[in-house]
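Below: one structure, written as structure tokens.
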Amino acid sequence: MIFQSDKMAKIKPSGIRELFARAQGIPDTISLGIGAPDITTPEILKREMRYAVDFDYNNYDQSPGNPKLRAMIARKYKDEYGVDYSSDGVLVTCGGVQLVYVALQTYLKKGEEVLIQDPSFLTYPHQVQLAGGKTVWMPSTNDFKIDVEKMKELVNEKTKMMILNFPSNPTGSIMEKHELKAIVDIAVDHNLMIISDEVYEYYTFDEKEHVHIGAIDGAYERTLTANSFSKTYAIPGWRIGFGVAPTEIMKPMIGYHTYVIANAMTPAQVAIANYMDTDAAKEFQKFIKNEFQQRRDAIVEGLNSIEGIKCHKSSGSFYCYPDISETQYPTGKEFSEKAFEEARVVIVPGTEFGPSQTTNIRASFGSVSIAKIEDVIHRLTKLVEN
């Protein structure tokens, strides 16, 4: 007997999770698939977690989040971007993914359209579908920024909102302030809501600075920013994300969140609140950013040395997004299969991230050392040459 709802019939399993599961237990496999850092969680933060558990912070907390943590998140945006959010405009969730889900469930009506960049993080279109909405794919420029002129042509009376993600997963691209301002102007002109996923805000390279969209004129009153501590402190398994927005945007989301989750993990919230304003936390952010920039340099240079592969230099996150169309395996799906079967390298085909991404692959350097990157380049070179 099958009890599955109609809305699940069109939801396909995550291709990334399938690749991850497939590689488990197979010796000598190197994964560039999973989007998680392999950096050890800071010892001080682990100590704070043990403290929180040992001193019995193991009960329910307030549904919107631990009061101290919410206040510190609000202060972070004031200190770093000069934007005033009330702690009432902060919601702590079970990861950044849940924050976006709650927003779509709260604000999207059946049949309304959501603009999403092609390519984008793979959960967005599925979450839109679960909320009864429709994804409209925004074309990208050659350097994987949103093509603003083409974006304008997609807006109609059914368009409700847009989801942005910079630094980008999967491409590593960023957008400058003037480029984001052009997108905000479209949102203002058509009264659109903006969801801005900024989980990689601290991972920008080559002295580029992250631009918080809420600081751009016209954006604040219509924008929800999604974020997470998973990447910032190398704690993806703790599942602590958060969002910031004007109180009037966040209040109904808190109501939805209360009936779905109750609250995110209490001891983890307490530990993060006690850690995030320390000098150690700031030093860790600098360390991990420098580490990922070195890895970025190594993997981009290495991929570009392989005949038939072209890889742009990602400006942020910990991904690169090479084009493999001039190899003998010219589609991302075929290249990904061959890389796994013959080279024991896990890479994600671009079609996981958008319908037009047939000739790209995503390579995550978040969980591979430079030595492993060099090994990957050697393996892929042999694969392509053979």
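Under our numbering, the sequence shown has 323 at position 335, and the numbering climbs by one with no breaks. All C-beta atoms in this analysis are idealised placements derived from N, C-alpha and C, irrespective of residue type, glycine included.
In the DSSP assignment, residue 60 falls within the unbroken alpha helix (DSSP H) covering 55 to 69. Remark: fewer than three beta-carbon pairs, one from each stretch, lie closer than 8 Å, so the region 249 to 269 and the region 97 to 106 are not flagged as touching.
Cβ neighbours of residue 196 within its own chain (closer than 8 Å, five residues either side excluded): 162, 303, 304. Between the alpha carbons of residue 201 and residue 14 lies a gap of roughly 43 Å. 373 is the residue among 373, 52, 190, 278 whose C-alpha sits nearest the C-alpha of residue 293. Only exposed fits residue 248, as fewer than 16 other CB atoms lie within 10 angstroms of its CB.
Shortest Cα-Cα distance from residue 205 to any of 69, 241, 299 involves 69.
Residue 350 sits buried, since 16 or more C-beta atoms from the chains shown fall within 10 Å of its C-beta. A direct Cα-Cα distance of roughly 22 Å separates residue 20 from residue 185. Counting along the chain, residue 122 sits inside the beta strand (DSSP E) bounded by residues 122 to 126. The DSSP-derived three-state label of residue 301 is coil. The Cβ neighbour count for residue 190, taken over all protein chains shown within 10 Å, is at least 16; the residue is labelled buried. Separation of residue 32 and residue 272 (C-alpha to C-alpha, rounded to the nearest whole angstrom) is 11 Å. Contact check for residue 87 against residue 214 passes: the beta carbons are separated by less than 7 Å. The Cβ atoms of residue 18 and residue 288 lie no closer than 7 Å to each other. Sequence-distant partners of residue 133 (beyond 5 residues in either direction) whose C-beta falls short of 7 Å from its own C-beta, in its chain, are 161, 163, 167. For the pair residue 96 and residue 121, the Cα-to-Cα distance works out to about 6 Å.
Distance check between residue 54 and each of 251, 363, 198, 316 places 251 closest, using alpha-carbon atoms only.
In the three-state DSSP reduction, residue 79 falls in the strand class (E or B). About 6 Å separates the beta carbons of residue 147 and residue 178, which is inside the 8 Å limit, making them a contact pair. For the 7 Å CB-CB criterion, residue 59 and residue 224 do not form a contact. For residue 311, the secondary structure class from DSSP, reduced to helix, strand or coil, is strand.
Contiguous alpha helix (DSSP H) elements confined to the region 222 to 307 occur at 235 to 248, 254 to 263, 267 to 292, taking only those with 4 or more residues. In the DSSP secondary-structure assignment, residue 350 is bridged to 336. In its chain, beyond the 5 residues on either side, 288 have a beta carbon closer than 6 Å to the beta carbon of residue 301.
In the structure shown, residue 196 adopts coil according to DSSP, grouped into three states. By the Cβ criterion, the region 33 to 46 is not in contact with the region 358 to 370, since fewer than three pairs of Cβ atoms, one from each stretch, lie closer than 8 Å. When beta bridges are read from the DSSP output, residue 216 appears opposite 229. In this chain, the beta strand (DSSP E) harbouring residue 184 covers 181 to 185. Distance from the CA of residue 319 to the CA of residue 265, rounded to the nearest whole angstrom, comes to 46 Å.
In summary, residue -6 is exposed, with fewer than 16 beta-carbon neighbours lying within 10 Å of its beta-carbon over all protein chains present. Counting only runs of 4+ residues, the alpha helix (DSSP H) found wholly inside the region 136 to 184 occupies 136 to 142, 165 to 178, in chain order. Counting along the chain, no beta strand (DSSP E) covers residue 358; the unbroken alpha helix (DSSP H) around it starts and ends at 358 to 373. In the three-state reduction of the DSSP assignment, residue 134 falls in the strand class, which pools E and B.
Here residue 104 carries a strand assignment [DSSP, helix/strand/coil].
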